[in-house]
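The structure appears right after this line, and notes come after that.
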Amino acid sequence: MAKTVSHVVKRPGRRYGDADVDILVAEDLTTVPGIPMRENDVSFYSRVYPQETQNIEKAADREWVWTVYSEEMVEYRHYHDSVSKPLIDAAAVTGELEPVATPDPSVDVTSAIRTKARELGFGEVGFTQYDKRYTYTGKRRWIKYPHAICLALEQNYVQTQSLPSMDAEFAHFGTYEIEGALLLDLADYIRTLGYHAQVHSPNDNSAPYIPMFVSAGLGSLGANGQLLSPHFGSRARLAIITTDAPVNYDEPVDYGIHKFCQVCQVCVNRCPGRAIIRDKVWWRGAEKNKLIYERCRPVMARYEGCAVCMKTCPIQRFGMKEVMEHYVATGEVLGKGTHLLEGYTIEGKGYFGPGDLPMFDRAFFEIPHGRKEEWLFEQFKEKLMAEGVPSEPELKEFAQKVRGILVKGNSTIGDE
Ligand code: SF4
Ligand code: SF4
197 MAKTVSHVVK
207 RPGRRYGDAD
217 VDILVAEDLT
227 TVPGIPMREN
237 DVSFYSRVYP
247 QETQNIEKAA
257 DREWVWTVYS
267 EEMVEYRHYH
277 DSVSKPLIDA
287 AAVTGELEPV
297 ATPDPSVDVT
307 SAIRTKAREL
317 GFGEVGFTQY
327 DKRYTYTGKR
337 RWIKYPHAIC
347 LALEQNYVQT
357 QSLPSMDAEF
367 AHFGTYEIEG
377 ALLLDLADYI
387 RTLGYHAQVH
397 SPNDNSAPYI
407 PMFVSAGLGS
417 LGANGQLLSP
427 HFGSRARLAI
437 ITTDAPVNYD
447 EPVDYGIHKF
457 CQVCQVCVNR
467 CPGRAIIRDK
477 VWWRGAEKNK
487 LIYERCRPVM
497 ARYEGCAVCM
507 KTCPIQRFGM
517 KEVMEHYVAT
527 GEVLGKGTHL
537 LEGYTIEGKG
547 YFGPGDLPMF
557 DRAFFEIPHG
567 RKEEWLFEQF
577 KEKLMAEGVP
587 SEPELKEFAQ
597 KVRGILVKGN
607 STIGDE
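Per my numbering, the very first residue in the sequence shown carries number 197; after that it's consecutive.
In structure tokens:
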């Protein structure tokens, strides 16, 4: 059934120089600009339960994944890590670099930075306050400048449609490698305008970036936990540069996605790990679909990053303009129920079309939890219960392992 249009969102074209596009938003999908938030709750959870990066909080399973990766994945990840390391190291010190010119007050820096970023190839560029409430505890002293330039680089379309696959992983990690280098170039440019620029590497995030991208009007949070950007949905690979350049902030936009996801539900239905909660809940001040990490991670690790929730999202596949036009014209979700959108192949298990899901037994989902030392203590307790008090050499070995982790730290940087 056709829908009434509430409003039209105008966005820049997909590539630099492309014409603007109009996205229709149906009346029955409207909620609020961005997503529903309770600002007091965001502040409360940030203060009382600050977040730390999964690279640290989930370090035990991030180490475990290497034991179940395919040989090809192990080889490729080592390659990717070797490419990313110098980019991460270079980004880490960018906040210390001084501008190389004196600011010219007659220059519109917002427009200059946006244009330069689009020329470099970023598909989405927006400006907002860097919201410190989301900063990971280990990065709180690192952040130097108040304004966030939100930048999204498109991951290759064709390779993405083949996931789960190594080819899609090449696109995924390859995009981050390109993005890491482009960010350094853009920061250099901002310094030539007379301002500081600190690069937040996409492989060493300072915070969950999606809330700031939503504030900057660059998309909406999808049920799959990813930013759904207008042109390429969740193929947007996200990074931030913070700066003291006097930029003008963008505004959040109601794309209709918050409600559309509850109509669509394709990623929820197609997730092989049944990891996405169907109904939205309030979580740390935002209304969203929660993802169960422990149901997702074992699938991701064993099946080339999985990301079926990305592949089966119609916004990723067809773009927001086409999906929303189809919804307004028919009241239906473009591609829902088709093999084209919903079908995928899991290596060793076969093809799964609409309505079919692979089965995994309970042991499949048993993975190490928490930080590395927490997981060691967990194993120690189990051994104690099963075999009694360990021998002195065993106790010494255990103590050495714990000490090694505490001295070295948990960080598994690069495993985004
Ligand atoms: S990555 Fe795979 S297992 Fe994880 S939420 Fe997405 S579809 Fe589900
Ligand atoms: S698949 Fe549907 S429900 Fe899931 S994120 Fe995309 S639009 Fe939302």
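We treat Cβ as the ideally placed atom computed from N, Cα and C, and that holds for glycine.
According to DSSP, is residue i helix, strand or coil?
i    : result
Y353 : helix
N485 : strand
D475 : strand
C457 : helix
S416 : strand
H392 : coil
V410 : helix
L359 : coil
V524 : helix
V205 : strand
I542 : strand
G584 : coil
E578 : helix
S397 : coil
G429 : strand
D611 : With a pLDDT of 45 at D611, under the threshold of 50, the predicted position of this residue should be treated as unreliable, though the coordinate-derived value follows. Here D611 sits in coil by DSSP.
Between residue i and residue j, what straight-line distance do the alpha-carbon atoms span, to the nearest angstrom?
i    : j    : result
G452 : G539 : 26 Å
W262 : F323 : 37 Å
L591 : G390 : 58 Å
K335 : S587 : 40 Å
G199 : P208 : As written in the sequence, residue 199 is Lys, which differs from the Gly given in the question. One C-alpha to the other measures close to 25 Å.
Q461 : R474 : 7 Å
M362 : T298 : 47 Å
Q250 : A367 : 22 Å
Y405 : Q458 : 23 Å
G421 : E490 : 15 Å
K455 : E521 : 15 Å
T388 : P295 : 6 Å
N401 : V504 : 23 Å
T306 : E447 : 14 Å
G610 : M269 : Low confidence applies here, because G610 scores a pLDDT of 47, under 50, leaving its location unreliable and the question unanswered by this model.
Q394 : K577 : 44 Å
I284 : I542 : 32 Å
R599 : K568 : 11 Å
V524 : V201 : 7 Å
V321 : R513 : 21 Å
Q357 : A364 : 7 Å
L382 : H276 : 22 Å
M581 : P494 : 26 Å
N399 : E315 : 23 Å
D327 : D440 : 14 Å
I472 : V303 : 46 Å
H565 : Y547 : 31 Å
F428 : Q351 : 8 Å
Y245 : P232 : 21 Å
P182 : L349 : Beyond the ends of the chain as shown, which are 197 and 612, falls residue 182; an answer cannot be given.
In terms of residue numbering, what span does the alpha helix (DSSP H) encompassing residue i cover?
i    : result
I437 : Where I437 is concerned, there is no enclosing alpha helix (DSSP H), although the beta strand (DSSP E) it sits in stretches over 432 to 439.
I601 : 588 to 604
D237 : 235 to 244
A660 : Because the chain here runs from 197 to 612, residue 660 falls outside it and cannot be looked at.
D218 : No alpha helix (DSSP H) contains D218, which is instead part of the beta strand (DSSP E) from 217 to 222.
K532 : Run containing K532: none; DSSP gives neither H nor E here.
V462 : 462 to 466
K507 : 504 to 507
P510 : 510 to 514
Hey, quick one: how far does the beta strand (DSSP E) through residue i stretch, first residue to last?
i    : result
E613 : This structure leaves residue 613 out entirely; the chain is present only between 197 and 612.
P480 : For the record, residue 480 in the displayed sequence is Arg; it is not Pro. No beta strand (DSSP E) contains R480, which DSSP labels as neither H nor E.
Quick one: is the Cβ of residue i within less than 7 Å of any heavy atom of ligand 4?
i    : result
N352 : Ligands present in the displayed structure are limited to ligand 1 and ligand 2, and ligand 4 is not among them.
(request) Mind listing, in chain order, the continuous beta strand (DSSP E) runs of no fewer than 3 residues lying wholly within the stretch 544 to 576? (result) DSSP runs (the beta strand (DSSP E)) wholly in the stretch 544 to 576: 546 to 548.
(request) Give, in chain order, every unbroken run of the alpha helix (DSSP H) that is at least 4 residues long and sits entirely within the stretch 281 to 348. (result) As far as the stretch 281 to 348 is concerned, its whole alpha helix (DSSP H) runs of at least 4 residues are 305 to 316.
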